[in-house]
Structure formats: C-alpha cells, structure tokens
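So in this note's numbering, the last one in the sequence shown is 928, and the numbering has no gaps at all.
Okay, structure first, notes after.
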Amino acid sequence: MTSHHWETRAIHAGREDLVDLGLHVPPIDLSTTYPSRDTVAEAARLDVFGSGADDGGPPIYGRVGNPTVARFESALAELEGAEAAVAFASGMAALCACLLAQVARGRPHVVAVRPLYGTTDYLLDSGLLGTSVTWAEPRGTGDAIRSDTGLVIVESPANPTLTEIDIQALAAACAPVPVLVDNTFATPALQRPLNCGAGIVLHSATKYLGGHGDVMGGVVASNEEFARALRRIRFATGGVLHPLAGYQLLRGLSTLSVRMHHASAAAAEIARRLVHHPSVTRVHYPGLSGEPRPPEQMAAGGAIVSFEVDDPHAVTGSVRLFTPAVSLGSVDSLIQHPASLTHHAMDPGSREQAGISDRLLRISVGLEHVDDLWADLTQALTRD
Ligand SMILES: *Cc1c(COP(=O)(O)O)cnc(C)c1O
C-alpha cells in the first residue's frame, strides 16, 4: 500500500481487509461490549491494554477500543507517516491527553509559540491540567527549554494569522524534546510535519478531516511509545471518539486531497483580490506578501484567509453566502471575528501581541465557485 501515491492511499487506507470480508464500505460497529466465553484470556488482554498496547485482537469494551475508530486511526497514521494514531472525542480532548501524558512523566513544562487556537492558548495559560507554559518566539524556542519540558507546541500555519513556522529548524533547535504541531489548518494533504522532524501531530478532526461540518473529533499521530501513553489516558479518562464519527472521519480522508487543493486555490485567489479592495487594510495568507516561506513544508497555502477591515461586525452581519460562524473546514464557506469568538478566551493584551487585532476577520473558504464567494464578500465589504 505504501508504494502508492499519497492520494491513492488516502482512499484505500483503513479499508485493506474489506474485499476479503465481502464488503465495500467499512462497517460501523456500535457495540459497547463484546462477548467472550474465555474470561481468563480476557483478563490477560486487559493487562496488555492497561499498558497502552493494542494487541489487534477482538474488541472487549467500547472505551478500550472500537474497530471502526481503529480503521480511521490506522488510515490517519499512514497518511501522516506515523507509527500510530489515537483518536479522541474532540481536538481539545486530544490535546488534553498529550498534556496529561507529559505531566504523568514528570515533564509538566510546555514551551509554546503564539498564536495558537484560542482554547489551546487558554488551556496552557490557565495551567488547568497542572502544566506550566513559557511563551516563546520561534527563534527563541530552543532557549526556553528546561529539564522538565515535555512538549513544544506550535501551529503552522497559525490560527488566525496564518504565520508559518519552519518546523524543521524548530525541531532541530528543540531536540530531544518533541515538537507537537497542530496540523488542523494544513492537513496531511498539504503538510506532513513528521517528515520535517516534528514528533507529534495533532488534529481537530472536526475541521477538514471530517470536512462537512457534521462530526467532532480529534486525533494524535506519533510514534508507538507516545501512542501507548495516550491510549492509557484515553482508557482511563474516557474521551473516546464515537464509532459513527470514526466512520465519517475515515470517509472524510478519502476526499481530503481534492477538497484541500480545490479550496486552497479559491482561497489564494480571494486573498489576491482582497489585497486590492479599498475597504481592506491588511491580508494574511501564506506567501502572499512575498516573505520567505519554509521550503518544501506546505504544498499549497491552505483554505483560510484573514484580513483587516474598519468594521468587521458590519461584514459578518451582511454576508449572505458565507455563514457567520466559528469553526472551519467544511464544504461551505464560513466567516468569523476571532477577537469575539475563537480567540475570545485569550487575555486582550496577549491577543493584540499575537497579531489578532479587533479589526481582523477570518474566512474558511469552502467549495463554492470562487466568483460567487467574491461577489458576496464585496457586497458585504461595501457596508463596513
Ligand atoms: C478547532 C481547533 C482545535 C480544537 O478542536 P475541537 O475539535 O474543537 O476540540 C484545535 N486546534 C485548532 C487549530 C482548531 O482549529
């Protein structure tokens, strides 16, 4: 399977056994428990699961593992180039498990680069899970590492400023501390951080992996050792992905490449047009202003654009085709005001410092025709 192109693997990964099973579409297994007459063998297997390993045998209980979710996990691991992937109920549940794994190892200190997703920023800044954080600039990240640092956390491109971080340079500066890259915005269709030296990739699967705005999930791709720590935490804390969501996310992977490339092209076009719009004072999109980009990191700029206007609330109130809503990554286009919504939980001073001004709007470009999106944006912009 790995000899095929990435796009081909995205369609067939996690489905390798279906023909032999006489099936075309992956089955959705909704069982919460699984019968077995051999209690002694079950007990031995539970000991294996307790260590975070997965013996690949029949399932025991829904919180320990589910076959439909396992298909999504194995597919995502393959597409990110990881040994393993562990799925959770949401992106935040996935991040919590990563932090708890390092707290349990006695490495509660995190070095992080702003801007990050607003709730991630809040979780780190509040120390809610017993972690502490040092906020660093990309160049100073290596210097912020201490003996108790368990993780370095970055997003590239960042939310909502779309700043790119050179993952390879960062990973080299931080070794041996693993760099966790939130790859939600780029997805493995455009960027595979593990190939650049990152140790851990995290997704809010709610966004592009699902792709249709109708499923919540999170997933972490890493080496098997870290995956074991995550499985132990998931088993004990219960933030499992629902089997139906596992099915929807596996299906989402099969169209991911087509969706990402199509939406990226439209987003790049909208970004170019926004630069010339009289109501727009600033546009953020990877590579737009000709600044040097990390080489060979992202295959396209992605489908998110952000821009500044005088009255962002007038724009979100006037759009008709764009839906004014938080979140991103659906087939339809969304617009939101980060300072009010996604980054509202951040302290206003830190928000401003991270480049998230009150004038900033963020759009998630979907699969509509680019000219229809542009017509809607321009009619809304004349009202700001
Ligand atoms: C949405 C999002 C998250 C959080 O994911 P949920 O699925 O909402 O819990 C984390 N990181 C990024 C970049 C996101 O966009």
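The C-beta atom is built at its ideal place from N, Cα and C for all residues, glycine as well.
Note that the coordinates shown come from a computational prediction; the quantities given were computed from them, not determined experimentally.
Inset, instruction - Report the residue from Arg895, Leu746, Arg690 whose alpha carbon sits nearest the alpha carbon of phenylalanine 729. - result: For this step, residue 729 is matched to residue 185 along the sequence shown. When only C-alpha atoms are compared, the closest one is Leu746.
Legend entry - Spatial distance of arginine 615 from leucine 724 (CA atoms): Numbered from its first residue, the sequence shown carries residue 615 at position 71. Numbered from its first residue, the sequence shown carries residue 724 at position 180. Spanning the two alpha carbons is a distance of roughly 23 Å.
Inset, instruction - Report yes if the C-beta distance between valine 914 and alanine 749 is below 9 Å; otherwise report no. - result: The sequence position of residue 914 within the sequence shown is 370, counting from 1. The sequence position of residue 749 within the sequence shown is 205, counting from 1. Contact: no.
Legend entry - Other residues of its chain near histidine 828: CB distance less than 6 Å, five sequence neighbours each side excluded: Within the sequence shown, numbered from 1, the residue matching residue 828 stands at position 284. Thr705, Leu706, Ser850, listed in sequence order.
Inset, instruction - In the DSSP assignment, find the unbroken alpha helix (DSSP H) run with aspartate 916 in it and report its ends. - result: Reading the sequence shown from its first residue, position 372 is the one you call residue 916. That run of the alpha helix (DSSP H) goes 914 to 925.
Legend entry - Near ligand 1: methionine 760 beta-carbon under 8 Å from a heavy atom: Reading the sequence shown from its first residue, position 216 is the one you call residue 760. Yes, Cβ of methionine 760 sits closer than 8 Å to a heavy atom of ligand 1.
Legend entry - Endpoints, the alpha helix (DSSP H) within which phenylalanine 770 is located: Along the sequence shown, read from residue 1 onward, the residue named residue 770 stands at position 226. That run of the alpha helix (DSSP H) goes 768 to 781.
Inset, instruction - Look at the alpha carbon of alanine 717 and the alpha carbon of threonine 693, and state the distance between them as a whole number of angstroms. - result: If you number the sequence shown from 1, residue 717 lands on position 173. If you number the sequence shown from 1, residue 693 lands on position 149. Rounded to whole angstroms, alanine 717 to threonine 693 spans 14 Å at the Cα level.
Legend entry - Within 9 Å, strictly: CB atoms of arginine 906 and isoleucine 848: Numbered from its first residue, the sequence shown carries residue 906 at position 362. Numbered from its first residue, the sequence shown carries residue 848 at position 304. Closer than 9 Å, so yes.
Legend entry - Cβ neighbours of alanine 648 in the same chain (closer than 6 Å, five flanking residues each side left out): As a position in the sequence shown, residue 648 is number 104, starting the count at 1. Here the set comprises nothing.
Legend entry - One or two residues paired with glutamine 880 in a DSSP bridge: Taking the sequence shown and counting its residues from 1, one reaches residue 880 at position 336. Answer is Arg906.
Legend entry - Alpha-carbon spacing of glycine 743 relative to proline 868, whole angstroms: As a working note, residue 743 is residue 199 in the sequence shown. As a working note, residue 868 is residue 324 in the sequence shown. Using only the alpha carbons, I get a separation of about 35 Å.
Legend entry - Neighbour-count burial assignment, threonine 664, 16 or more Cβ in a 10 Å radius: Position 120 of the sequence shown, counted from the first residue, corresponds to residue 664. Buried is the call here.
Inset, instruction - Identify the continuous alpha helix (DSSP H) that holds alanine 716 and give its terminal residues. - result: By one-based count along the sequence shown, residue 716 stands at place 172. Its alpha helix (DSSP H) spans residues 711 to 718.
Legend entry - Any non-hydrogen atom of ligand 1 closer than 8 Å to tyrosine 661 Cβ: The count along the sequence shown starts at 1 and reaches residue 661 at position 117. Correct: tyrosine 661 has its Cβ closer than 8 Å to ligand 1.
Inset, instruction - Assign glycine 600 to buried or exposed, taking buried as 16 or more other Cβ atoms, counted over all protein chains shown, within 10 Å of its Cβ. - result: Within the sequence shown, numbered from 1, the residue matching residue 600 stands at position 56. Result: exposed.
Legend entry - Residue environment, valine 630, which counts as buried when at least 16 other CB atoms sit within 10 Å: Here residue 630 is taken as the residue at index 86 of the sequence shown, counted from 1. With 16 or more Cβ atoms within 10 Å of its Cβ, valine 630 is classed as buried.
Inset, instruction - Take every Cβ of the stretch 748 to 765, pair it with every Cβ of the stretch 627 to 643, and state whether three or more of those distances are shorter than 8 Å. - result: yes
Legend entry - Closer than 8 Å: asparagine 767 CB and nearest ligand 1 heavy atom: By 1-based counting over the sequence shown, the position of residue 767 is 223. Every heavy atom of ligand 1 is 8 Å or more from the Cβ of asparagine 767, so no.
Inset, instruction - Confirm the yes/no value for this check: CB of methionine 890, any heavy atom of ligand 1, distance under 8 Å. - result: Looking up residue 890 in the sequence shown gives position 346. Answer for methionine 890: no, Cβ out of range of ligand 1.
Inset, instruction - Compute the distance between the beta-carbons of histidine 821 and leucine 925, then report whether it is under 9 Å. - result: Taking the first residue of the sequence shown as position 1, residue 821 is located at position 277. Taking the first residue of the sequence shown as position 1, residue 925 is located at position 381. Yes; because the gap between Cβ atoms is below 9 Å, this pair is in contact.
Legend entry - Inter-stretch contact (C-beta, 8 Å, three-pair minimum) for the stretch 793 to 801 and the stretch 888 to 903: no
Inset, instruction - Confirm, please, whether the CB-CB distance from aspartate 561 to leucine 660 is below 9 Å. - result: As a first step, residue 660 must be located in the sequence shown, where it is residue number 116. As a first step, residue 561 must be located in the sequence shown, where it is residue number 17. Taking 9 Å as the Cβ cut-off, leucine 660 and aspartate 561 do not qualify as a contacting pair.
Legend entry - Start-to-end residues for the beta strand (DSSP E) that takes in histidine 556: Along the sequence shown, read from residue 1 onward, the residue named residue 556 stands at position 12. Taken as a continuous stretch (DSSP letters only), histidine 556 belongs to no beta strand (DSSP E), being part of the alpha helix (DSSP H) at 550 to 556.
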